[in-house]
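Colleague: For the sequence shown, this note's numbering assigns the number 317 to the initial residue and increments by one for each residue that follows. Just passing along the structure, written as structure tokens.
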Amino acid sequence: MPYDNPYLNFSATENAFLSFLAGCSAVNDNREKINENDIIRAYKTHYKLLTTDISKLVDKLWKEKSEKENNGYLVCEKCNSYYKLQPGESPDDFTGNCECGGKLKYYDDIGWLLKC
Ligand SMILES: [Zn+2]
């Protein structure tokens, strides 16, 4: 029984978590029983999770998500006010002019606009 290992001083929660990870590893290999490799893999995964900067990872995922959902922007040529297109909207849906009377122009990215 790997769980009787005297070198393991993990709390019950961590042990349950490690068993879960080991179980996932076994399932990934289409096995119903956990073997030593699964335990090792579980520890490696656990260690990776402990050393991962979670907030950084979340930031990265959010950034990727928002970049993927970027539908572009409509920018007024006259007053530089802009509208971010929502998912599912197309610039063709907006044929009108800006409130100021200026023409709306489509841009993929408005980093240039936000910088100034
Ligand atoms: Zn305008």
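Cβ coordinates follow ideal geometry from the N, Cα and C atoms, glycine included. The structure displayed is predicted, hence computed values, not measured ones.
#1: Taking the runs of the alpha helix (DSSP H) that are 4 residues or longer, which of them lie wholly in the segment 334-409?
#2: Less than 7 Å separating the Cβ of G316 from some heavy atom of ligand 1?
#3: Comparing the CB of K421 with every heavy atom of ligand 1, is any distance shorter than 7 Å?
#4: Could you tell me which residues DSSP pairs with L420 in its beta bridges?
#5: Under 7 Å from any heavy atom of ligand 1, does the C-beta of C340 make it?
Modeller: Walking through what the data contain:
#1: 352-367 and 370-384
#2: Residue 316 lies beyond the range of the chain shown here (317 to 432); nothing can be said about it.
#3: no
#4: C392
#5: no
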